[in-house]
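Residue 24 is where the sequence shown starts when you use my numbering, and the numbers rise one by one after that. In what follows, a single structure is set out as structure tokens and then discussed.
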Amino acid sequence: MRLSDNITTIKGIGPSKAKLFESRGIYTVSDLLNYFPRTHDDRSLQKSISSIIEGEEISITARLASPVVTNRIRGGMFYARGKIFDETGMLDVVWFNNPYASNMFKMDEEYTFFGKVRRNKSGNLQFQNPIAENVTKNGKFTGRIVPIYPLTAKLTQRAVQDAVFQCLDGLSEPIPEILPRELIDRFSLLDSDAAIRNIHLPESFEMFDKARRRLVFEELLLLQLGLHSLRGAREVEKCQPFDNVECVSEFIESLPYQLTDAQARVIDEVCVDLKKDKPMTRLVQGDVGSGKTVVAAAAMYAAHKSGVQACMMVPTDILAEQHYRNLSKLFSPFGIEVIYLSGKMPAKERKVAQEKLRTGEVTIAVGTHALISGDVEFWNLGLVITDEQHRFGVNQRTSLAAKAASAHTLVMSATPIPRTLALVLYGDMDVSVIDELPPGRTAIETYSVNEKMRSRIYNFIKKNVDEGRQAYIVCPLIEENEDSDLKSTVEYVEQLKHTVLRDFSIAAMHSKLKAADKTQIMRDFVDGKIDILVSTTVIEVGVDVPNANLMIIENAERFGLSQLHQLRGRVGRGSYQSYCIMFCAPNQTIAQERMKVMCETSDGFRIAEEDLKLRGPGDFFGTRQHGVPEMRIANLFSDMDILKDAQTAVAEILAEDERLELPQYQGIKGKIENMFDRLERS
Ligand code: ADP
Ligand code: MG
């Protein structure tokens, strides 16, 4: 068997089973070996029947002394019992609610049973619900540390285990090494082959730790080298310094409010960069509502006054529209025109807008990633801003930067990033932090509630809307299928229109609406014509309607912490007392912990740390929401030590061979190219 073989070459995987593997991204033997276990069961403690201790997790190799008999008991449940023996004694075995137990065994074959031995009510020792395996037939997963894989519906644990075992057993070539020998020795890493084998079927927990360390190291090394190669070329470039930055003070004076100290400081930091002939690469981090837009606007004003163009790219149409309106308002006292560009606007309008950018008739543009499409040309682009940049793919960000190889770049992110992640993502950027909210904001009261509270919550909405406020109700993507998502939102709105909220104007917002309809709904909400906006998470980032003071989140257990924090950030933007109310299904431990964190703190940095802590590695949304590939094994919260080693290695490699041209780095180079392909496709 070879690594590149299709998984159907594995015994027991036919076309229909292959589909199940494919749904987890596993097409080849190599993919399967890179599908890491979620955890391991320690089945290595082998005992004989006479030496068992109550409560211990053990494996016993034994035969049946009598056939297993299954009975139906109360409530349609099954209860199966049998007796096993080895050289040292006999033991009762029972299974609760396993209707197949009596068909699993042949009388004269040997099995290994794994599980816990407990005492029943009459005081006799019993092996309860053990996992059993035929020693002569299988016998691979007994008496050892056994991998437990993440599963999807229908894909069974045993199917994955069997497949992995066959691959490790039948592979006719070693798993290739992509790291240079020198690096492996210097950081005392296992080689690739040993690491992959021990991550699945470790000889010992010590070997498992070594395997994991090696694979985490590799993953973090690749990530950092990958990010570097995407933005690497920039550093040598020079750019045209802005020649009129002082004018920013007149822009600041024109604002309807006084800047916070933090905003003023960050604008100063940006202005210093803009005067240099080295392109700025600055990240502005500020919690939701801290007022990042005006910082971007100040920089754009400086661009205009210095005779170059500035553009701001944002992840959604809704946000692009909003920024367009805001910027137009902020710049209108100076007679500066702003261009709006979206992939969804009519071709004619778009052509006109593009023409103005190409000739330089207009200097300020805002839009979605339509800004980076091939047919958009700038006359002289000097400043590129991305807002909510964690929402963009890494490649999208770089294509924008490529449009303006020598432009200043300013990147804004509301998702506070834990220190570990910041090191990975922005190791080579300057960072400005807006660590202060505009004055007059009151803390958002946050509650986690259950269904019993529903009618009281509707009354609470009614009361607030009667007082002139507005509310958001957010429904999560219930399935990955957009159509059913849409249906549930629309149906929910219909339902609300016939309950206690029937007197109000309610609208539904979701991704399937036409751009023009979305725009109209947002305008109506901003203008107060809509009281209650029922929405999917399309309003998650950036939306700013200060009069809205209620954020109701349905099925809050389905959201990650950072996402909840972003959603909550839609309210508390004006001077009204604001509330965030999360409907949460009971009995979900992680969800309950998230709710607790949400109710306890509004500090985005703390929330981001807790978010990483509560998520396991490989969590689908874990890193994707920061715009980096999903980590398969590294945990950016707890693997700080390995991250430091990886960073040392990255620095050394880059110092020696920044473009990874030496033969020993070709393995790494190949992987990096692959990594971002995958991200773009997903
Ligand atoms: P975010 O950092 O989340 O992007 P915004 O830039 O959308 O925040 O600003 C949030 C709200 O606060 C907006 O309505 C904006 O007009 C207002 N705002 C920004 N700065 C100040 C300030 N210094 N004083 C009062 N209001 C401000
Ligand atoms: Mg914003």
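Every residue, glycine too, gets a C-beta built ideally from N, C-alpha and C.
The beta strand (DSSP E) that contains Phe-119, what's its start and end?
112-119
Is Thr-316 near the ligand ADP - that is, is its Cβ less than 7 Å away from at least one heavy atom of it?
yes
CA-to-CA distance, Ala-631 to Met-323, given in whole angstroms
30 Å
Does DSSP classify Thr-32 as helix, strand or coil?
helix
Mind pulling the alpha helix (DSSP H) runs of 4 or more residues that sit fully within the stretch 511-559?
538-549
Does the distance from the CB of Ile-408 to the CB of Ala-333 come in under 8 Å?
yes
Relative to the C-alpha of Ala-579, which candidate in Arg-288, Cys-607, Leu-573, Val-557 has its C-alpha closest?
Cys-607
Nearest to Ala-321 (by Cα), restricted to the options Ser-598, Asn-126, Leu-433:
Leu-433
By the DSSP assignment, the beta strand (DSSP E) with Glu-269 in it spans what residues?
Glu-269 -> no beta strand (DSSP E), and no H or E assigned at all.
Write down every uninterrupted run of the alpha helix (DSSP H) in the stretch 614-639 whose length is 4 residues or greater and which is fully enclosed by it, in chain order.
627-637
What are the boundary residues of the beta strand (DSSP E) that Gln-69 is part of?
Unbroken run through Gln-69: none, as it is neither H nor E.
Using a Cβ-Cβ cutoff of less than 8 Å, which residues in the same chain neighbour Ser-429 once the five nearest sequence positions on both sides are dropped?
Glu-260, Lys-261, Cys-262, Gln-263, Pro-302
Nearer than 7 Å: is that true of the beta carbon of Asp-410 relative to any heavy atom of the ligand MG?
yes
Length of the line joining the Cα atoms of Thr-283 and Arg-479:
38 Å
Three-state secondary structure (DSSP) at Asp-453?
strand
Unbroken alpha helix (DSSP H) runs of length 4 or more, entirely within the stretch 576-621: which are they?
584-591
Classify Arg-704 as buried or exposed, calling it buried when 16 or more other Cβ atoms lie within 10 Å of its own Cβ.
Because the pLDDT at Arg-704 is just 43, under 50, the model does not fix this residue reliably, and the value given afterwards should be weighed accordingly. Counting Cβ neighbours within 10 Å, Arg-704 comes out exposed, since fewer than 16 surround it.
Where Thr-646 falls, given that 16 or more other Cβ within 10 Å makes a residue buried:
No answer about Thr-646 holds up, because its pLDDT of 48 lies below 50 and its placement is not dependable.
Going by alpha carbons, who is nearest to Ile-96 out of Gly-78, Phe-119, Ser-82, Ala-85?
Phe-119
Cβ shell of Pro-170 (< 6 Å), same chain only, five flanking positions each side left out:
Pro-60, His-63, His-223
Within the stretch 362-390, ranges of the beta strand (DSSP E) (whole runs, at least 3 residues)
387-390
Any non-hydrogen atom of the ligand ADP within 7 Å of Ala-437 CB
yes
Look at His-251 and Met-336 and say whether their C-beta atoms are less than 8 Å apart.
no
Assess contact between the stretch 108-117 and the stretch 84-93, defined as three or more Cβ pairs (one per stretch) separated by less than 8 Å. Is contact present?
yes
Please look up how many angstroms separate the CB atoms of Arg-66 and Phe-137, rounded, as I've assumed it's under 8 Å.
5 Å
List the whole-angstrom C-beta distance separating Asp-214 from Gly-627, where the pair is believed to meet the contact cut-off of C-beta under 8 Å.
At roughly 41 Å, the Cβ-Cβ gap does not stay under 8 Å, so Asp-214 and Gly-627 are not in contact.
Taking the straight line between their C-alpha atoms, what separation do you get for Glu-80 and Asn-572?
53 Å
State the CB to CB distance for the pair Met-621 and Leu-666, rounded to an integer number of angstroms; the pair is presumed to be in contact (CB under 8 Å).
No, Met-621 and Leu-666 are not in contact; Cβ-Cβ is about 27 Å, not under 8 Å.
What does Gln-151 pair with, by DSSP beta-bridge criteria?
Val-117, Lys-139
Take Gln-189 as the anchor and find which of Pro-197, Leu-174, Ile-168, Lys-163 has the nearest alpha-carbon.
Lys-163
Does the ligand ADP have a heavy atom nearer than 7 Å to the CB of Ser-313?
yes
Does DSSP put Gln-180 in a helix, a strand or coil?
helix
Verify the contact flag: Thr-339, CB atom, against every heavy atom of the ligand ADP, threshold strictly below 7 Å.
no
Is any heavy atom in the ligand ADP found nearer than 7 Å to the beta carbon of Pro-3?
For residue 3 there is no data in the structure shown, the boundaries of the chain being 24 and 705.
Helix, strand or coil for Lys-261, going by three-state DSSP, please let me know.
coil
Look at Leu-637 and Leu-584 and say whether their C-beta atoms are less than 8 Å apart.
yes
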